[in-house]
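Everything in the sequence shown is counted per the numbering used here, starting at 5 for the first residue and increasing by one.
All C-beta atoms, glycine included, are put in the ideal place defined by N, C-alpha and C.
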Amino acid sequence: MAGGSCVIAKRQGDSLAIEWVATSQDSAATAIHKAEQKLLEQGYRKRGQDVHAQANSDLPHAHVAIIKTEYITARGKNRTSYGCGFSARSAGEAEQAALYDLRNYSWGWKQEYGYKVVEAFRY
Numbered sequence: 005m006a007g008g009s010c011v012i013a014k015r016q017g018d019s020l021a022i023e024w025v026a027t028s029q030d031s032a033a034t035a036i037h038k039a040e041q042k043l044l045e046q047g048y049r050k051r052g053q054d055v056h057a058q059a060n061s062d063l064p065h066a067h068v069a070i071i072k073t074e075y076i077t078a079r080g081k082n083r084t085s086y087g088c089g090f091s092a093r094s095a096g097e098a099e100q101a102a103l104y105d106l107r108n109y110s111w112g113w114k115q116e117y118g119y120k121v122v123e124a125f126r127y
């Protein structure tokens with residue numbers, strides 16, 4: 005049993021925080037629960053906020069990449085977004101999966117806004 009998950013705290017589309025759990029001892033479901041609990045313990049279950057699993061994996065061993073971007077939307081609002089990716093093959097493939105995840109949850113994000121790798125590791 006192994007797996008990982010990235011859980012995001014959001015308010016009106018803006019990402020407030022991210023927590024992740026990725027180990028060879030936890031299933032994806034357990035990792036989701038643990039990451040959610042970390043955010044809830046930090047107080048991210050207030051009115052107008054939501055905590056949800058954005059990406060997860062049941063891979064027994066994987067490369068993990070977590071990326072972050074900060075940009076201004078077309079409506080002039082500051083926005084922070086995260087992406088999380090898992091790959092059994094390579095760190096580069098995990099980063100590409102994180103980029104795909106970012107695009108799925110941040111429709112207004114464009115490649116020219118850029119991003120930075122917050123964390124890259126293997127479990």
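| Taking the alpha-carbon positions, what's the residue 52 to residue 16 distance? | For the purposes of this step, residue 52 is identified with residue 48 of the sequence shown, where counting begins at 1. For the purposes of this step, residue 16 is identified with residue 12 of the sequence shown, where counting begins at 1. Straight-line Cα distance between these residues: approximately 7 Å.
| 4-residue-minimum alpha helix (DSSP H) runs that sit fully inside the stretch 32-98, ordered along the chain | 32-45
| Cutoff 6 Å; reference residue 5; Cβ partners in own chain excluding five residues on either side | The residue given as residue 5 occupies position 1 in the sequence shown. Contacts found: 31.
| Counting pairs of beta carbons, one from the stretch 52-65 and one from the stretch 34-43, are three or more of them closer than 8 Å? | yes
| Smallest Cα separation from residue 124: which of 74, 69, 29? | Your numbering for residue 124 matches position 120 in the sequence shown. Here the closest residue by C-alpha is 69.
| field | Exposure label - residue 65; buried when at least 16 CB within 10 Å | value | As a first step, residue 65 must be located in the sequence shown, where it is residue number 61. Looking at its Cβ environment, which holds fewer than 16 other Cβ atoms inside 10 Å, residue 65 is exposed.
| Member of 49, 78, 62 whose CA lies at the smallest distance from the CA of residue 89 | Here residue 89 is taken as the residue at index 85 of the sequence shown, counted from 1. When each option's Cα is compared against that of residue 89, the closest is 62.
| said: For the beta strand (DSSP E) containing residue 18, name the first residue and the last one. | reply: Sequence index remark: in the sequence shown, residue 18 carries index 14 (1-based). Run containing residue 18: 18-27, per the beta strand (DSSP E) assignment.
| query | Excluding sequence positions up to five away, which residues of its chain have a Cβ less than 7 Å from the Cβ of residue 102? | reply | As a first step, residue 102 must be located in the sequence shown, where it is residue number 98. 69, 70, 71, 87, 88, 89, listed in sequence order.
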